[in-house]
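In what follows, a structure is listed as structure tokens, so that the remarks can point back to it.
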Amino acid sequence: MEPNWTTALKISISDALSTMFFMVPEEHPALLDQISADDGQAWCFGWVIVKSGGEAIKVWVCTPEKLARELSANILSMDADELDSEDLEDAYKELLNMVVGGLLTNVDSTSKWRMGLPEVSMLSGGLLGKSLGGSAQSMAFDVDGMPLITGWKSDAA
Numbered sequence: 002m003e004p005n006w007t008t009a010l011k012i013s014i015s016d017a018l019s020t021m022f023f024m025v026p027e028e029h030p031a032l033l034d035q036i037s038a039d040d041g042q043a044w045c046f047g048w049v050i051v052k053s054g055g056e057a058i059k060v061w062v063c064t065p066e067k068l069a070r071e072l073s074a075n076i077l078s079m080d081a082d083e084l085d086s087e088d089l090e091d092a093y094k095e096l097l098n099m100v101v102g103g104l105l106t107n108v109d110s111t112s113k114w115r116m117g118l119p120e121v122s123m124l125s126g127g128l129l130g131k132s133l134g135g136s137a138q139s140m141a142f143d144v145d146g147m148p149l150i151t152g153w154k155s156d157a158a
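Residue numbers (the working numbering): 2 to 158.
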């Protein structure tokens with residue numbers, strides 16, 4: 002595995018959010034410690050698995066539902082209160098496609114990694130910690146006063 006996955010993910014998050022979703026993420030490492038596993042709020046958890054040979058990496062983006070709605074509304078040119086669950090899921094999957102596509106562009110100059118389909122799940126309070134457990138790399142961003150957690154970990158191929 003190439004050593005620049007974390008840096009490439011930071012760049013990809015910044016590029017995708019600022020250019021396509023019109024929101025600027027600011028890296029904020031302390032947020033990882035401030036977010037408890039049982040904070041009581043709903044989280045939108047999305048992931049994509051990328052594979053190369055027998056190796057697999059799971060890349061995820063996780064935000065509170067409120068931020069997921071704002072991001073989705075921005076890319077769909079709608080008001081956040083007009084979104085239904087299908088709009089939210091589709092827009093979040095598009096966010097994942099952009100982030101992971103940008104990540105692979107930066108780390109995979111030989112095109113050996115294959116990107117799977119994005120998956121999205123809504124998590125209630127207490128489940129966020131379980132979803133992020135065992136991660137190799139996690140990082141946090143502040144996006145208009147709301148947390149965005151992203152990272153990657155080796156996964157079973």
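For every residue, glycine included, the Cβ atom is placed at its ideal position computed from N, Cα and C.
DSSP, read as helix, strand or coil, puts serine 13 in helix. The C-alpha of isoleucine 36 lies about 11 angstroms from the C-alpha of proline 65. Around the beta carbon of valine 108, a 10 Å sphere encloses 16 or more other beta carbons of the protein chains shown; the residue is thus reported as buried.
The three-state secondary structure of isoleucine 36, taken from DSSP, is coil. Take histidine 29, set aside five residues on each side of it, and the residues of its chain with a beta-carbon closer than 7 angstroms to its own are Ala141, Phe142 and Asp143, in chain order. Separation of the CB atoms of isoleucine 14 and proline 26 is rounded to 6 angstroms, and the pair is thereby assigned contact status at 8 angstroms. Distance from the CA of isoleucine 150 to the CA of asparagine 5, rounded to the nearest whole angstrom, comes to 18 angstroms.
Three or more Cβ pairs closer than 8 angstroms define a contact, and the segment 109-116 meets that threshold against the segment 44-53. Runs of the alpha helix (DSSP H) lying entirely within the segment 96-124, each at least 4 residues long, are absent. For the pair valine 121 and alanine 81, the Cα-to-Cα distance works out to about 18 angstroms. Taking C-beta separations shorter than 8 angstroms and ignoring five residues to either side along the sequence, the partners of leucine 33 in its chain run Ser139, Met140, Ala141 and Ile150, following chain order.
Shown here, serine 78 sits in coil according to DSSP, grouped into three states, outside any helix or strand.
CA-to-CA, the gap between tyrosine 93 and methionine 21 works out to about 12 angstroms.
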